[in-house]
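Accompanying notes for the structure given below.
Residue numbers (our numbering), protein chains in the order written: chain A, 1 to 335; chain B, 1 to 335.
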C-alpha cells in the first residue's frame, strides 16, 4: 500500500481520537508517527501503531496525560510523565530542555513513568531545528546480555545525539544492541543471515543466524563488553536522575511501559552565531565524507544523511506501508 | 620490576620537577599517573610517561599552564587549557564541573587546547568520590574508520560515565574503537590473535590479526557503523561547545596535543540522600551480577569492578612495571 503523508497522518489521528485521545494529543502523536514512517522508520511509526492502541486499551498508555513537574533544581528538572504517550512525553521534554538550556547554557530534563518513545531521532531533529545540541536516552526492558552472561539483564537503551547544521542536521539514532529485535525478525522472515554476529545461540556460540538469536533472546551489545557497559551506565544515570524505574524494575512486567528517560540540551548560541556553529559542523562532516570508500560500491555517509533523502523521496512518491500493517490499521479505523 | 605506589609517585614527581614542572603540578600529575598504573592501566600511566616528557621537551605540553576561563554561561563554562598537562586539565575541569553542578543541578565544562588526558576513568572515579554523576569525553587524532571507509578519519574519542556507589563506584572507561592501538601492539608482540575482529587489513577484509590492523591503520569502531557514528557526534559536540580543535584539525600535526574535551556533572544530592542514591545503584548492579554466566569459567562483572581488586592487590604486593619502560624512566631520572 502506498499512501501520502497527510493522508496517513489524518487516518492515524482519527483512530487516536476514537481511542480517547484529545485533539491536541491526537494531532501531535499522529504527526510524529507519520513523520517516523515518512523518514523510513516504519518500525517506530505505523508498524508499531496497533501495539500502541493495544497499550492504550490495557491502560498502560494514558492518552491525555501530560508530564507534570516534580522537582526543579535550576538546570536540572525532574518530571513525571504520568504514563502519557511516549512520543508526546519525549517531545515535550525536549521542548522543555531546549527552553531551560537557553537560561542555563546546559539543561537536563528527566522523565519517570514514561512510555516507549518510538524513534529517538525525532527528538534530536527537533532540538537541532531549534539550533540546539541534544543528547537523550531511555532505559528499556532487559533484552540484551551483560558481558560474559547468557541471560538478558540489560536494556538496549537507545540514545540520540544531535548537532544542528544548515545543510542537514547530524543526528545519530541508535540502540546499544548490534541489531534490534525488529531487524532480527525481518531478517528471519526473509531467511537472511546477519552481516555480523548479532548474539549467542542457545549453546552460547556467537551467531549470524537471526532465528537462533530470536530463539535464545541473547542479543549482543555493540562492541561486546563495551556496549554492555554503556547500557548499565545509561540505565543507572536515567534511573537515578529521574527517580523512575530501572531496567530491573521494568523486568517485573516485561512491558514496554513506565521507563525512565533523560534529555540534555546545550545552547550553542550562547557562544556563537548560527553561521559559526554551522561552519564547524560542516567542516567535520566534509572531513568524514572525504574518506576513501572501503570498496567501489560503498558510500561513506554521516549519521542522519540517509533520512533526508528518504524523506524527500517518500514525500514525492508516497510512503509504502506493509500490507499486513495496513490491514490492521484499516481495521482499527473501522472499529 | 616491582615497585610500591609511593616510591613510584615520588620518582615520577622528581623527574617532572627536573623537567620544569612546579611542585604542585608535579605532585598532582605524578599521583594521577601512579594511580593509573596502580589500578592496572599502566598504558595510561608509567608506560606513557617517557612520551609525556618528550612532548614537554617539544613544547606541546606546557608543564605549568593551567586552564583559564574563556566564557561563562551559567551551567556551561568554556575554558582554555593553554596546552597544560592533559591529566591536570581534566582533573581541574572535573573539579569545576562538580562545583558548578552544585549550583545548577547539571553543569558542563569544556576545554580547548588540552592534551592527552591519559585514563579517563580517573576523572569518573574522582567525581563519583564526590557523590556526583559524570560524563566526559575527548576527541582525538584520526585513528578509526568512518563506516564504509578505508581511511582513518575519526578519532577513537574515549568516554567515561561514572555513578557513585558506596560498595564501589560504577565507572565505564572506554574508547570507541574495538581495540586500542596499545592493545593491538601488545597482542602483535605476543603473537596472539584478537578474540573478535578489530579492523580491516589492507585488502579491506575484517581481520583478527593485530599486525594487519597495525599495518593498515584501519581500526574498527565498536558496533561497526554505530561506533563510527558516535565518534563523529562526540567530535562535533566537543569541538563546537569548547570552540577548540576537531579531529580533522588535529590531523594536521597528527600529534596527541591540543584536543577538545567536555565534562558534564550532575548533582544527585539535589534530589536524594547519599543512602537513597546508593540503594538505586546497588539494586541495578545486583541485578546485572545475578545474570547466569555464559560458561562455567566466565564471571559477570560491572564496569569498574576489576579496578578495585587490582588496586588492592597492587597496593599490597607492589606494582609490576615493564622492564623496558622501567629502564627509560630510570634514564629520565638520571638526566
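All C-beta atoms, glycine included, are put in the ideal place defined by N, C-alpha and C.
Any chain B beta carbon closer than 8 Å to residue i
i, result
"residue 196 of chain A", "yes"
"residue 88 of chain A", "no"
"residue 98 of chain A", "no"
"residue 284 of chain A", "yes"
"residue 71 of chain A", "yes"
"residue 137 of chain A", "no"
"residue 324 of chain A", "no"
"residue 204 of chain A", "yes"
"residue 93 of chain A", "no"
Extent of the continuous beta strand (DSSP E) run through residue i
i, result
"residue 235 of chain A", "Where residue 235 of chain A is concerned, there is no enclosing beta strand (DSSP E), although the alpha helix (DSSP H) it sits in stretches over 225-242."
"residue 160 of chain A", "159-163"
"residue 41 of chain B", "No beta strand (DSSP E) contains residue 41 of chain B, which DSSP labels as neither H nor E."
"residue 172 of chain A", "170-174"
Neighbour flag for residue i against chain A, beta carbons, 8 Å
i, result
"residue 103 of chain B", "yes"
"residue 265 of chain B", "no"
"residue 56 of chain B", "no"
"residue 239 of chain B", "yes"
"residue 341 of chain B", "Look at the range of chain B in this structure, 1 to 335, and you will see that residue 341 of chain B is not part of it."
"residue 41 of chain B", "no"
"residue 50 of chain B", "no"
"residue 287 of chain B", "yes"
"residue 130 of chain B", "no"
"residue 336 of chain B", "Look at the range of chain B in this structure, 1 to 335, and you will see that residue 336 of chain B is not part of it."
"residue 299 of chain B", "yes"
"residue 151 of chain B", "yes"
"residue 172 of chain B", "yes"
"residue 271 of chain B", "yes"
"residue 245 of chain B", "no"
"residue 148 of chain B", "yes"
"residue 307 of chain B", "no"
"residue 79 of chain B", "no"
Span of the alpha helix (DSSP H), counted from its first residue to its last, around residue i
i, result
"residue 187 of chain A", "181-189"
"residue 127 of chain A", "121-129"
"residue 326 of chain A", "323-334"
"residue 91 of chain B", "86-104"
"residue 284 of chain B", "274-289"
"residue 51 of chain B", "49-57"
"residue 193 of chain A", "Counting along the chain, residue 193 of chain A falls outside any alpha helix (DSSP H), and DSSP gives it neither H nor E."
Beta carbon of residue i nearer than 8 Å to that of residue j
i, j, result
"residue 89 of chain B", "residue 81 of chain B", "yes"
"residue 128 of chain B", "residue 98 of chain B", "no"
"residue 50 of chain A", "residue 56 of chain A", "no"
"residue 139 of chain A", "residue 68 of chain A", "no"
"residue 236 of chain A", "residue 212 of chain B", "no"
"residue 325 of chain B", "residue 46 of chain B", "yes"
"residue 156 of chain B", "residue 176 of chain B", "yes"
"residue 184 of chain A", "residue 204 of chain A", "no"
"residue 145 of chain B", "residue 228 of chain B", "yes"
"residue 266 of chain B", "residue 241 of chain A", "yes"
"residue 277 of chain B", "residue 5 of chain B", "no"
"residue 52 of chain A", "residue 77 of chain A", "no"
"residue 223 of chain A", "residue 173 of chain A", "no"
"residue 147 of chain B", "residue 109 of chain B", "no"
"residue 112 of chain B", "residue 244 of chain B", "yes"
"residue 384 of chain A", "residue 85 of chain A", "Because chain A in this structure spans residues 1 to 335, residue 384 of chain A falls outside the shown range and cannot be described."
"residue 161 of chain A", "residue 179 of chain A", "no"
"residue 263 of chain A", "residue 136 of chain A", "yes"
For residue i: DSSP bridge partner residues
i, result
"residue 263 of chain B", "B:109, B:136"
"residue 206 of chain A", "A:200"
"residue 115 of chain B", "B:257"
"residue 77 of chain B", "B:72, B:109"
"residue 293 of chain A", "B:149"
"residue 251 of chain A", "According to DSSP, which records beta bridges pairwise, residue 251 of chain A is partnered with nothing at all."
"residue 177 of chain A", "A:221"
"residue 320 of chain A", "A:2"
"residue 143 of chain A", "Bridge partners of residue 143 of chain A: none, in fact."
Buried or exposed by the 16-neighbour rule on C-beta atoms within 10 Å, applied to residue i
i, result
"residue 291 of chain A", "buried"
"residue 191 of chain B", "exposed"
"residue 25 of chain A", "buried"
"residue 209 of chain A", "buried"
"residue 275 of chain A", "exposed"
"residue 249 of chain A", "buried"
"residue 259 of chain A", "buried"
"residue 330 of chain A", "exposed"
Looking at chain E, which residues of the segment 213-231 of chain B have a Cβ within less than 7 Å of any of its Cβ atoms? Although the question refers to chain E, the structure presented lacks it and instead comprises the protein chains A and B.
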